[in-house]
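What follows is a short report on a single structure.
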Amino acid sequence: MQPNITDYLQPKSLTEAIALMATHTGRSALVGGGLDLSWRPRQDIQILIGLDRIPLSYVEWRPEGLVIGAGTTLRELAESKGSSFLNGLLSRVLDRIATPLLRAVITVGGVLARAYPWSDLLPIFLGCNAHITLFDGQDHTIPLESFYQGNSRQLLAHSVIRELCLPPHHESYAAYQRFGRLQIDIPLLNQFSCLTLVEEQIEKASLWLGARPGFPLRLSEVEAVLLGKPLNQETIRDAVSALSPPLVGTDFRLSKDYRHHLAGVFLRRNLTEIWSQHATII
Amino acid sequence: MQLSFRLNGSATQWEDVHPGENLLEALRRHGCWEVKGNNCTHGECGACTILLDGIPVPSCTVFAARVEGRNVDTIRLLGDPDHLHPLQQAFLRHGAVQCGYCIPGMLLSAHALLVRNPHPNREEIKQSLSGHLCRCTGYLQQIEAIEEIAGLPEGAE
Numbered sequence: 000m001q002p003n004i005t006d007y008l009q010p011k012s013l014t015e016a017i018a019l020m021a022t023h024t025g026r027s028a029l030v031g032g033g034l035d036l037s038w039r040p041r042q043d044i045q046i047l048i049g050l051d052r053i054p055l056s057y058v059e060w061r062p063e064g065l066v067i068g069a070g071t072t073l074r075e076l077a078e079s080k081g082s083s084f085l086n087g088l089l090s091r092v093l094d095r096i097a098t099p100l101l102r103a104v105i106t107v108g109g110v111l112a113r114a115y116p117w118s119d120l121l122p123i124f125l126g127c128n129a130h131i132t133l134f135d136g137q138d139h140t141i142p143l144e145s146f147y148q149g150n151s152r153q154l155l156a157h158s159v160i161r162e163l164c165l166p167p168h169h170e171s172y173a174a175y176q177r178f179g180r181l182q183i184d185i186p187l188l189n190q191f192s193c194l195t196l197v198e199e200q201i202e203k204a205s206l207w208l209g210a211r212p213g214f215p216l217r218l219s220e221v222e223a224v225l226l227g228k229p230l231n232q233e234t235i236r237d238a239v240s241a242l243s244p245p246l247v248g249t250d251f252r253l254s255k256d257y258r259h260h261l262a263g264v265f266l267r268r269n270l271t272e273i274w275s276q277h278a279t280i281i
Numbered sequence: 000m001q002l003s004f005r006l007n008g009s010a011t012q013w014e015d016v017h018p019g020e021n022l023l024e025a026l027r028r029h030g031c032w033e034v035k036g037n038n039c040t041h042g043e044c045g046a047c048t049i050l051l052d053g054i055p056v057p058s059c060t061v062f063a064a065r066v067e068g069r070n071v072d073t074i075r076l077l078g079d080p081d082h083l084h085p086l087q088q089a090f091l092r093h094g095a096v097q098c099g100y101c102i103p104g105m106l107l108s109a110h111a112l113l114v115r116n117p118h119p120n121r122e123e124i125k126q127s128l129s130g131h132l133c134r135c136t137g138y139l140q141q142i143e144a145i146e147e148i149a150g151l152p153e154g155a156e
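Protein chains in written order, with numbering that gives the first Met the number 0: chain A, 0 to 281; chain B, 0 to 156.
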């Protein structure tokens, strides 16, 4: 029981939700699945604005890519046609997040809004150049990376996440590695790699390191090492060597040195897996 | 606040739900959840699992207000001590019940699995139980009980 909550409002449209947020600025919170609020009750909140009656749960292939409604739970996403995204990588990652029971409560909108550094999905969404659509009376679609580089908290104070779009990655190969104490635990480090190969050369590279323990970070220096090169043992070795220790830190779970070591292992494994995927297809 | 929803198939109306109350608390207060002890309250043990529109969820993580207009099923959906569901009978036959704390949740997850997939394989059964903690039996007995039901002809569950 959260005794400080005095009302639970259930708007039927995003426009109504925005109006309620404006009326109760500073003392209201949106509820998608509600897991975060049940784990971490907030004393500053008196009004809950539930999003259950707004049709935000959908997964659709559109010309611009895979579009995921913010109210979609991770379970719904895993069971949808979107699970085949990146040759099924999205589905495999979803299956390793928390437990089936919690995946039926966690929403994609919640993942994006809370943006916890240990998220399994954020490095993948960021690495796929996802776009987020926010509604503040009208829709605004911006790259997810820009959303987090700007003041996302301020934006979310007066807007609602409508959906996320993952652009198609037809020519791309991707791999993901995570390390956790138990399967259901949060990752203590994760790494997502996505490469586009054209005529045996790496044309695009998107490499992200998450749970470092900070917010996911783009490995731009490593990407630069890869671009224009063929994917082979030598290139993979050069990429791992380009990982610099300051990218990771120490927390009570893992030391900086161990994280740095793991980051190299993950990068090598992911690039090797991509190399293998590419070799299988050609 | 007032809530109208279907509980175990029956139209139900609660008049006095607190907006900050979770579903487990509301079910208990209305006499629909007999276990008195507190669970993990974080959705990690699976003991308080209910079916929300047929999907297993931990009721301690769901605000009660979210069930307005929806279907909620508790272990009472399956049976009672005088009329056990075949799945409950299979749990007994296999010695899958010891202290019993985790069993209602496990039964509901198993039931939801069998409704969607009448003949799951062992891996699918294990996956469906992976959010339920049992400290007595070691899980094997529950898996075998579900396998027994999964091996029955369709509709027999």
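Each residue gets a CB set at the ideal place from its N, CA and C atoms; glycine is no exception. Computed from a predicted structure; not experimentally measured.
Within its own chain, the residues whose Cβ lies closer than 6 Å to the Cβ of residue 146/A, once the five positions on either side in sequence are excluded, are 131, listed in chain order. Contact with chain B is found for residue 7/A, since one of that chain's Cβ atoms lies less than 7 Å from the residue's Cβ. Contact check between the stretch 196–211 of chain A and the stretch 242–250 of chain A: three or more CB pairs, one atom from each, fall below 8 Å, which counts as touching. Taking the beta carbon of residue 129/B as reference, the chain A residues within 9 Å of it are 98, 99, 100, 182, 183, listed in sequence order.
Of the candidates 63/B, 33/B, 4/B, 63/B places its Cα closest to the Cα of residue 18/B. In this structure, residue 204/A sits away from residue 220/A, with a CB-CB distance that is not shorter than 7 Å. Looking at the DSSP output, residue 10/B bridges to 5/B. Residue 69/A is positioned such that its CB atom lies no closer than 7 Å to that of residue 152/A. For residue 52/A, DSSP assigns no beta-bridge partner whatsoever. Contacts with chain B at 7 Å (Cβ-Cβ) include residue 37/A. Two segments are said to touch when three or more pairs of C-beta atoms, one from each, lie closer than 8 Å; by this definition the stretch 47–66 of chain A touches the stretch 156–173 of chain A.
With respect to the 7 Å criterion, residue 51/A and residue 65/B are classified as neighbours on the basis of their beta carbons. Taking a C-beta distance under 7 Å as the contact criterion, residue 154/A and residue 125/A do not qualify as a contact pair. Going by DSSP, residue 67/A is part of the beta strand (DSSP E) stretching over 64–68.
Look at residue 27/A here: in three-state DSSP terms it is strand. Residue pairing by DSSP places residue 59/A opposite 66/A in a beta bridge.
Annotation: residue 122/A to residue 85/B spans about 45 Å, alpha carbon to alpha carbon. Taking residue 274/A as the centre and dropping the five residues before and after it, the same chain places the C-beta of 230, 231, 235 closer than 8 Å to its C-beta, in chain order. The beta carbons of residue 73/B and residue 49/B sit closer together than 7 Å.
With a threshold of 16 other beta carbon atoms within 10 Å, residue 15/B falls short and is exposed. Annotation: residue 137/B is outside any beta strand (DSSP E) and is labelled neither H nor E by DSSP. Using a Cβ-Cβ cut-off of 7 Å, residue 68/A does not count as an interface residue toward chain B, since no Cβ of chain B sits closer than that to its own. DSSP, reduced to helix, strand and coil, places residue 37/B outside both helices and strands of the structure shown, so it counts as coil. Residues of the same chain with a CB within less than 7 Å of the CB of residue 57/A, apart from the 5 flanking positions on each side, are 68, 71 in chain order. Closest in C-alpha terms to residue 20/A, from the list 38/A, 37/A, 45/A, 2/A, comes 45/A. Rounded to the nearest angstrom, the Cβ distance from residue 5/B to residue 70/B is 5 Å, consistent with a contact under 8 Å. Chain-ordered, the chain A residues with CB closer than 7 Å to the CB of residue 60/B read 33, 34, 37, 104.
Listed by position along chain B, the residues whose Cβ is nearer than 8 Å to that of residue 49/A are 62, 64, 65. For the stretch 61–88 of chain B, the full-length beta strand (DSSP E) segments reaching 3 residues or more read 70–72 along the chain.
Counting C-beta pairs closer than 8 Å gives three or more between the stretch 85–97 of chain B and the stretch 135–142 of chain B, which meets the contact rule. Residue 86/A and residue 26/B have their C-alpha atoms roughly 42 Å apart.
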